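Student:
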Amino acid sequence: MRPAVRSFSLGELVDLLGGELHGDRQRLVHQVAPLDSAGPEHIAFLGRDAYRSALEQSRAGAIIVHANLPGSGRALIVSPNPYAYFVRVAGLLNPEPPVLGSVHPSAAVDPAAFVSASAEVGPFVTIGKGARIGERVRLGPGCSIGDFAEVGDDSCLHGNVTIYAHCIIGLRASINAGAVVGSDGFGGAFDQGRWLKMPHIGRVVVGDDVEIGANTTIDRGAMADTVLSDGVKLDNQIQVAHNVQIGAHTTIAGCAGIAGSARIGAYCVIGGGAIVLGHLSLADRVTVSAGTVVTRSLDRPGRYSGIYPTSEHRVWLKSAVGVRKLGEGEGQGRGRSEKRADKAE
Amino acid sequence: MRPAVRSFSLGELVDLLGGELHGDRQRLVHQVAPLDSAGPEHIAFLGRDAYRSALEQSRAGAIIVHANLPGSGRALIVSPNPYAYFVRVAGLLNPEPPVLGSVHPSAAVDPAAFVSASAEVGPFVTIGKGARIGERVRLGPGCSIGDFAEVGDDSCLHGNVTIYAHCIIGLRASINAGAVVGSDGFGGAFDQGRWLKMPHIGRVVVGDDVEIGANTTIDRGAMADTVLSDGVKLDNQIQVAHNVQIGAHTTIAGCAGIAGSARIGAYCVIGGGAIVLGHLSLADRVTVSAGTVVTRSLDRPGRYSGIYPTSEHRVWLKSAVGVRKLGEGEGQGRGRSEKRADKAE
Amino acid sequence: MRPAVRSFSLGELVDLLGGELHGDRQRLVHQVAPLDSAGPEHIAFLGRDAYRSALEQSRAGAIIVHANLPGSGRALIVSPNPYAYFVRVAGLLNPEPPVLGSVHPSAAVDPAAFVSASAEVGPFVTIGKGARIGERVRLGPGCSIGDFAEVGDDSCLHGNVTIYAHCIIGLRASINAGAVVGSDGFGGAFDQGRWLKMPHIGRVVVGDDVEIGANTTIDRGAMADTVLSDGVKLDNQIQVAHNVQIGAHTTIAGCAGIAGSARIGAYCVIGGGAIVLGHLSLADRVTVSAGTVVTRSLDRPGRYSGIYPTSEHRVWLKSAVGVRKLGEGEGQGRGRSEKRADKAE
Numbered sequence: 193m194r195p196a197v198r199s200f201s202l203g204e205l206v207d208l209l210g211g212e213l214h215g216d217r218q219r220l221v222h223q224v225a226p227l228d229s230a231g232p233e234h235i236a237f238l239g240r241d242a243y244r245s246a247l248e249q250s251r252a253g254a255i256i257v258h259a260n261l262p263g264s265g266r267a268l269i270v271s272p273n274p275y276a277y278f279v280r281v282a283g284l285l286n287p288e289p290p291v292l293g294s295v296h297p298s299a300a301v302d303p304a305a306f307v308s309a310s311a312e313v314g315p316f317v318t319i320g321k322g323a324r325i326g327e328r329v330r331l332g333p334g335c336s337i338g339d340f341a342e343v344g345d346d347s348c349l350h351g352n353v354t355i356y357a358h359c360i361i362g363l364r365a366s367i368n369a370g371a372v373v374g375s376d377g378f379g380g381a382f383d384q385g386r387w388l389k390m391p392h393i394g395r396v397v398v399g400d401d402v403e404i405g406a407n408t409t410i411d412r413g414a415m416a417d418t419v420l421s422d423g424v425k426l427d428n429q430i431q432v433a434h435n436v437q438i439g440a441h442t443t444i445a446g447c448a449g450i451a452g453s454a455r456i457g458a459y460c461v462i463g464g465g466a467i468v469l470g471h472l473s474l475a476d477r478v479t480v481s482a483g484t485v486v487t488r489s490l491d492r493p494g495r496y497s498g499i500y501p502t503s504e505h506r507v508w509l510k511s512a513v514g515v516r517k518l519g520e521g522e523g524q525g526r527g528r529s530e531k532r533a534d535k536a537e
Numbered sequence: 193m194r195p196a197v198r199s200f201s202l203g204e205l206v207d208l209l210g211g212e213l214h215g216d217r218q219r220l221v222h223q224v225a226p227l228d229s230a231g232p233e234h235i236a237f238l239g240r241d242a243y244r245s246a247l248e249q250s251r252a253g254a255i256i257v258h259a260n261l262p263g264s265g266r267a268l269i270v271s272p273n274p275y276a277y278f279v280r281v282a283g284l285l286n287p288e289p290p291v292l293g294s295v296h297p298s299a300a301v302d303p304a305a306f307v308s309a310s311a312e313v314g315p316f317v318t319i320g321k322g323a324r325i326g327e328r329v330r331l332g333p334g335c336s337i338g339d340f341a342e343v344g345d346d347s348c349l350h351g352n353v354t355i356y357a358h359c360i361i362g363l364r365a366s367i368n369a370g371a372v373v374g375s376d377g378f379g380g381a382f383d384q385g386r387w388l389k390m391p392h393i394g395r396v397v398v399g400d401d402v403e404i405g406a407n408t409t410i411d412r413g414a415m416a417d418t419v420l421s422d423g424v425k426l427d428n429q430i431q432v433a434h435n436v437q438i439g440a441h442t443t444i445a446g447c448a449g450i451a452g453s454a455r456i457g458a459y460c461v462i463g464g465g466a467i468v469l470g471h472l473s474l475a476d477r478v479t480v481s482a483g484t485v486v487t488r489s490l491d492r493p494g495r496y497s498g499i500y501p502t503s504e505h506r507v508w509l510k511s512a513v514g515v516r517k518l519g520e521g522e523g524q525g526r527g528r529s530e531k532r533a534d535k536a537e
Numbered sequence: 193m194r195p196a197v198r199s200f201s202l203g204e205l206v207d208l209l210g211g212e213l214h215g216d217r218q219r220l221v222h223q224v225a226p227l228d229s230a231g232p233e234h235i236a237f238l239g240r241d242a243y244r245s246a247l248e249q250s251r252a253g254a255i256i257v258h259a260n261l262p263g264s265g266r267a268l269i270v271s272p273n274p275y276a277y278f279v280r281v282a283g284l285l286n287p288e289p290p291v292l293g294s295v296h297p298s299a300a301v302d303p304a305a306f307v308s309a310s311a312e313v314g315p316f317v318t319i320g321k322g323a324r325i326g327e328r329v330r331l332g333p334g335c336s337i338g339d340f341a342e343v344g345d346d347s348c349l350h351g352n353v354t355i356y357a358h359c360i361i362g363l364r365a366s367i368n369a370g371a372v373v374g375s376d377g378f379g380g381a382f383d384q385g386r387w388l389k390m391p392h393i394g395r396v397v398v399g400d401d402v403e404i405g406a407n408t409t410i411d412r413g414a415m416a417d418t419v420l421s422d423g424v425k426l427d428n429q430i431q432v433a434h435n436v437q438i439g440a441h442t443t444i445a446g447c448a449g450i451a452g453s454a455r456i457g458a459y460c461v462i463g464g465g466a467i468v469l470g471h472l473s474l475a476d477r478v479t480v481s482a483g484t485v486v487t488r489s490l491d492r493p494g495r496y497s498g499i500y501p502t503s504e505h506r507v508w509l510k511s512a513v514g515v516r517k518l519g520e521g522e523g524q525g526r527g528r529s530e531k532r533a534d535k536a537e
């Protein structure tokens, strides 16, 4: 683990972040830690559904809790959302290094690009003509910003990120290494035995406070924009296809794929490796379990799943035969139930 | 959306692309658009299976159709394949910027590499010894072309693409950002508690008119070449393992994985997130649904699926128990049906 | 295929690698090849479970076998593990080019970084302050090594690899192009309608003899380290989330995803596209079939599977309806079997 950048007293913390302190204002905390591995120099938190015994067994110097626990003999900070409080403390103890207003001499910045004086442009960065880099933006080594693309104030792009021409990144974005925004969408017309490539004239438009994980890819729209709304959080290795729209504050876990023209609502949670097929709509507050292939629109909030249960291999062998037999029944014609599966597709 | 580079009159379009014009030759179209959002300045198309009412409700200035629709009161272009015609129009209105014969001064080009005078080599591009870059090739910022690798005429590599040594890219390739061609294949020999790495002496050989999506990876062969035939289209985030062969004009959607030594036929369509296990063969014109794990060779054309149906979570809980029970039956011994599942694996 | 760098006589091979030669010590082999495509200039191997007829039909000049086969009329080398022997021969015939102790003039090396004199630093490489690059390390074009990161002796990083600050790579690592080590982990606290980003203060710590595939991503830990033990082999396009621990000599195939805080034992084999959910534990020597979503901890060695069987699409339609019906039974309340599925989740 990295050492923290500076220490805080508990008094300073409640002055900055609120909360009700039960304990010594002068006590210093030097780093955050999980409850079970924390030492006296650490501050930890007790989740709302954790057992009180976890608190008593912890060696943490201070603990954030959601209600006072008299008699615990610890320095406690009471806050209605202990984890959120803890995350804020972690940010205070471990601030990002300050952004230096500087352009590395190796960077290739087009004379017709605008780069704010407060932006930090790393080595081997390319910025195309008409591009616009906002205040306090950090562009890591090897990033490439296409012609007429925009990166909003206070955004951070780690190394080797590629933003294609004309794409828009909002304020305070965090984009991890190797991510690609604005690549050509997939598909085209089939004609005389060959596929013709459809030129993609849409953009990717990313709202404010969006995170994009390492090596995640987001395709530009064909004839409209691909849109990520404010507060969207994308993990690593995700594919977002052309014309997709993702609602505000939706989170998508690693390795998921969202096929073309799908519309995902706000505050959705898509599990790792899940796939949403093209042209489907998911309502606000839909949760999709990891590994599920979503084959139909989901119009109501709630949790949806479709995962083959994990078994010992020899058990699976029999179970798979059983599942296949369900589809091999003789003489059943094409009845009502089969139509329902068609719809599901 | 980006503005189009230039406008065309309907007369110019039919002179260039054929088709039968019903309407004013002088009428100008400024951009392509979908039928439902098009305005008078746009040209749209009516798919073969769309309803005529969609045409009547559209505000498009001109519409491409597969048969004349008298009395529609629109400028129409009749073509047997309206979408393909539309894609060609989109290409005319939105041409790629011309390739400039130039090498950015920052590029690191080995003296023993050959770069055509008409190629455009961007900033921070590395080209190794013995490599060969064809006519009108565009290499985006940060691309790396290994020793003795070749990139065919009129190919475009976007930013941060890595082509390993000795790999061959054909004519008119389009390779999106972050793609990797020629990485070492996976696997080796297990000996005395450790894995020994097998040196990979094969190449990746890519035919003509191939598209490779953003962050897609293609491993070199172990003792033979990994081969992508002419016209293959790969979406983003795909993994193609060592020694795979993919037949002409096959398309593979995002997040799919093709395991080692698999052979995929021509004109196949592999859905997003599908997996084809190693050493399997797929016949020509096989379609695999998104999310399907192909566990056996598929010798006949047709569509194949294997997706757990998506349900509300509480319904899935019961269904998963039912599926597992199919495998937990007592006293069944190892009979005929189990052997069939074995084969399927 | 690439030509071999040099030839060896069979006598030289057994002198260097052991084994029992039956044949002419002077006979030269020029390259390795599979048994069925080998010619007289090649050396091949006969797997332990291959048929002897494969040997007799081969044109290979020499064959590595696990037991002498009198009367075969071939030059044979007998070794208890023919494939491992073959891999070692392949390494002798096809050595990596020697590492040149040199720093490309374009590289951006912080004055406060340590780079061994024997390391080869390619074009457009960035090395941050306090970073440490070991003996004979090779850094390909466009690699970025963060502040205070370390790369151990004899490691090779191909093009465009990003190592974030403070991460540690052990000895003899092989990291393929586009891989990312140390990106921020995913997730944070939800507070007042927004997600707060948790600062990640852990590192990624990679042991010795580890391979990391192209475009694979490994997140740093939140408050502890993400750990890859010695001898771990990761294929391409894999996502390893924050705080994951992977035991020694475990191999993971392409497109797999390991969710946060999962613990994978030693000598495990995880199939392509498999997903291991967060916080689960897998015992040593667990094998997970390709495409399986592991939804519960696996405490015993063995093979586990959970894949929907691949069928013709029309068969699947019926089978999927059957599976769904298993979950839609009426009037069953919440009984014992449902609880079991809950556990499985």
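Chains as they are written, first to last, in the working numbering: chain L, 193 to 537; chain C, 193 to 537; chain Z, 193 to 537.
We put the beta carbon where it would ideally sit given N, CA and C, even for glycine.
Remember, predicted model here, so these are calculated numbers, not experimental data.
Taking the straight line between their C-alpha atoms, what separation do you get for Ser-497(C) and Gln-431(Z)?
Tutor: In the second sequence, residue 497(C) corresponds to position 305, counting from 1. In the third sequence, residue 431(Z) corresponds to position 239, counting from 1. Cα to Cα, the separation comes out at about 26 Å.
Student: When you compare the CB of Ala-357(L) with every CB in chain C, is at least one pair closer than 9 Å?
Tutor: Locating residue 357(L) in the first sequence gives position 165, counting from the first residue. For Ala-357(L), the answer is yes, since a Cβ of chain C falls inside 9 Å of its Cβ.
Student: Would you call the segment 372 to 386 of chain L in contact with the segment 429 to 445 of chain L, where contact means no fewer than 3 C-beta pairs closer than 8 Å?
Tutor: Cβ pair count under 8 Å is three or more, so yes.
Student: Compare the C-beta of Pro-501(C) against all C-beta atoms of chain L and say whether one is closer than 9 Å.
Tutor: Start at 1 with the first residue of the second sequence, and residue 501(C) comes out as number 309. Yes, Pro-501(C) counts as interfacial toward chain L.
Student: Short of 8 Å Cβ to Cβ, which residues in the segment 286 to 318 of chain L face chain C?
Tutor: Per Cβ criterion, the list reads Ser-298, Ala-300, Phe-316, Thr-318.
Student: Which whole-angstrom value describes the C-beta separation of Ile-404(C) and Asn-368(C), a residue pair presumed to lie in contact below a C-beta threshold of 8 Å?
Tutor: For the purposes of this step, residue 404(C) is taken as the residue at position 212 of the second sequence. For the purposes of this step, residue 368(C) is taken as the residue at position 176 of the second sequence. Ile-404(C) to Asn-368(C), Cβ: 7 Å. Contact.
Student: Answer with buried or exposed for Ser-229(C), where buried requires no fewer than 16 other C-beta atoms within 10 angstroms of its C-beta.
Tutor: As a working note, residue 229(C) is residue 37 in the second sequence. Exposed, because fewer than 16 other Cβ atoms sit within 10 Å of the Cβ of Ser-229(C).
Student: What distance in whole Å lies between the Cβ atoms of Arg-488(C) and Cys-460(C), which are believed to be in contact at a cut-off of 8 Å?
Tutor: As a first step, residue 460(C) must be located in the second sequence, where it is residue number 268. As a first step, residue 488(C) must be located in the second sequence, where it is residue number 296. 15 Å between Cβ atoms; not a contact.
Student: Which two residues bound the contiguous beta strand (DSSP E) that contains Glu-236(L)?
Tutor: On the first sequence, residue 236(L) is found 44 positions in, with the first residue counted as 1. First, the amino acid is wrong: residue 236(L) is Ala here, not Glu. Taken as a continuous stretch (DSSP letters only), the beta strand (DSSP E) holding Ala-236(L) covers 234 to 237.
Student: Apply the 10 Å Cβ neighbour rule to Ser-250(Z) and answer buried if 16 or more other Cβ atoms are within range, or exposed otherwise.
Tutor: The residue labelled residue 250(Z) in the question sits at position 58 within the third sequence. Per the 10 Å Cβ criterion, buried.
Student: Can you tell me the Cβ-Cβ gap for Gly-521(L) and Lys-517(Z), rounded? I've got them flagged as a contact below 8 Å.
Tutor: For this step, residue 521(L) is matched to residue 329 along the first sequence. For this step, residue 517(Z) is matched to residue 325 along the third sequence. No, Gly-521(L) and Lys-517(Z) are not in contact; Cβ-Cβ is about 12 Å, not under 8 Å.
Student: Just list the residues that DSSP pairs Asp-411(C) with in beta bridges.
Tutor: On the second sequence, position 219 is the one that residue 411(C) refers to. Answer is Ser-375(C), bridged to Asp-411(C).
Student: Does the distance from the C-beta atom of Arg-194(C) to that of Arg-395(L) stay below 9 Å?
Tutor: Here residue 194(C) refers to the residue found at position 2 of the second sequence. Here residue 395(L) refers to the residue found at position 203 of the first sequence. Closer than 9 Å, so yes.
Student: With 9 Å set as the bound, which would you pick, yes or no: does the beta-carbon of Gly-494(L) sit closer than that to a beta-carbon of chain Z?
Tutor: The sequence position of residue 494(L) within the first sequence is 302, counting from 1. Cβ-Cβ to chain Z under 9 Å: no for Gly-494(L).
Student: So what does Arg-330(Z) bridge to, in DSSP terms?
Tutor: One-based indexing of the third sequence puts residue 330(Z) at position 138. Paired residue(s): Glu-312(Z), Cys-348(Z).
Student: Leaving out five residues on either side along the sequence, give the residues of the same chain with a beta carbon under 7 Å from the beta carbon of Pro-493(C).
Tutor: In the second sequence, counting from the first residue as 1, residue 493(C) sits at position 301. Here the set comprises Ala-475, Asp-476, Arg-477, Val-478.
Student: Let me know the secondary structure DSSP gives Leu-205(L) once reduced to three states.
Tutor: As a position in the first sequence, residue 205(L) is number 13, starting the count at 1. Leu-205(L) falls in the helix class under three-state DSSP.
Student: Which residue's Cα is closest to the Cα of Arg-506(L): Gly-519(C), Gly-446(C), Asp-216(C)?
Tutor: Position 314 of the first sequence, counted from the start, is the residue given in the question as residue 506(L). Of the candidates Gly-519(C), Gly-446(C), Asp-216(C), the one whose C-alpha sits nearest the C-alpha of Arg-506(L) is Gly-519(C).
Student: Rounding to the nearest angstrom, what Cα-Cα distance links Glu-212(C) and Ser-201(C) in this structure?
Tutor: The residue labelled residue 212(C) in the question sits at position 20 within the second sequence. The residue labelled residue 201(C) in the question sits at position 9 within the second sequence. C-alpha separation (whole angstroms): 14 Å.
Student: For Leu-227(C), does the three-state DSSP call read helix, strand or coil?
Tutor: Along the second sequence, read from residue 1 onward, the residue named residue 227(C) stands at position 35. The answer is coil: DSSP assigns Leu-227(C) none of H, G, I, E or B.
Student: Under 9 Å, Cβ to Cβ, is there at least one residue of chain Z near Glu-504(L)?
Tutor: Residue numbering aside, residue 504(L) sits at position 312 when the first sequence is read from its first letter. At least one chain Z Cβ lies under 9 Å of Glu-504(L).
Student: How many Å lie between Gly-322(L) and Ile-361(L) at the Cα?
Tutor: If you number the first sequence from 1, residue 322(L) lands on position 130. If you number the first sequence from 1, residue 361(L) lands on position 169. Cα to Cα, the separation comes out at about 15 Å.
Student: Report the residue from Thr-443(C), Ser-453(C), Gly-464(C) whose alpha carbon sits nearest the alpha carbon of Gly-449(L).
Tutor: For the purposes of this step, residue 449(L) is taken as the residue at position 257 of the first sequence. Closest option to Gly-449(L), Cα to Cα, is Gly-464(C).
Student: Between which two residues does the alpha helix (DSSP H) carrying Gly-446(Z) extend?
Tutor: Taking the first residue of the third sequence as 1, we reach residue 446(Z) at position 254. Gly-446(Z) -> no alpha helix (DSSP H), and no H or E assigned at all.
Student: Might you give, ordered along the chain, the residues of its own chain that have their beta carbon closer than 6 Å to the beta carbon of Ala-445(Z), omitting 5 neighbours on each side?
Tutor: If you number the third sequence from 1, residue 445(Z) lands on position 253. Excluding positions up to five away in sequence, the list reads Asp-427, Gly-463, Gly-464.
Student: Helix, strand or coil for Ser-366(L) per DSSP?
Tutor: The residue you call residue 366(L) lines up with position 174 of the first sequence. Note: Ser-366(L) maps to strand in three-state DSSP.
Student: To the nearest angstrom, how far is it from the Cα of Val-167(Z) to the Cα of Glu-312(Z)?
Tutor: Past the boundaries of the shown model lies residue 167(Z); chain Z is included only from 193 to 537, so the question cannot be answered.
Student: Do you know how far the Cα of Gly-283(C) is from the Cα of Arg-541(C)?
Tutor: Here chain C has residues from 193 to 537 only, and residue 541(C) is not among them.
Student: Would you list the residues sitting across from Lys-425(C) in a DSSP beta bridge?
Tutor: For the purposes of this step, residue 425(C) is identified with residue 233 of the second sequence, where counting begins at 1. Paired residue(s): Glu-403(C), Thr-443(C).
Student: Mind listing which residues of the segment 361 to 384 of chain C have their C-beta closer than 7 Å to chain Z's C-betas, in chain order?
Tutor: If the cut-off is 7 Å between Cβ atoms, the segment 361 to 384 of chain C has Gly-370, Val-372, Ser-375, Asp-376, Phe-378, Gly-380, Ala-381, Asp-383 near chain Z.
Student: Where DSSP assigns a beta bridge to Asp-383(C), which residues make up the other side?
Tutor: Residue numbering aside, residue 383(C) sits at position 191 when the second sequence is read from its first letter. Answer by DSSP bridge pairing, in chain order: Arg-386(C).
Student: Within its chain, find whatever has a CB closer than 7 Å to the CB of Asn-407(C); leave out the 5 residues flanking it on each side and keep chain order.
Tutor: On the second sequence, position 215 is the one that residue 407(C) refers to. Gly-370, Ala-371, Asn-428, Gln-429.
Student: Pick helix, strand or coil for Gly-519(Z), following the three-state DSSP scheme.
Tutor: Residue numbering aside, residue 519(Z) sits at position 327 when the third sequence is read from its first letter. In this structure, Gly-519(Z) counts as helix in the three-state DSSP scheme.
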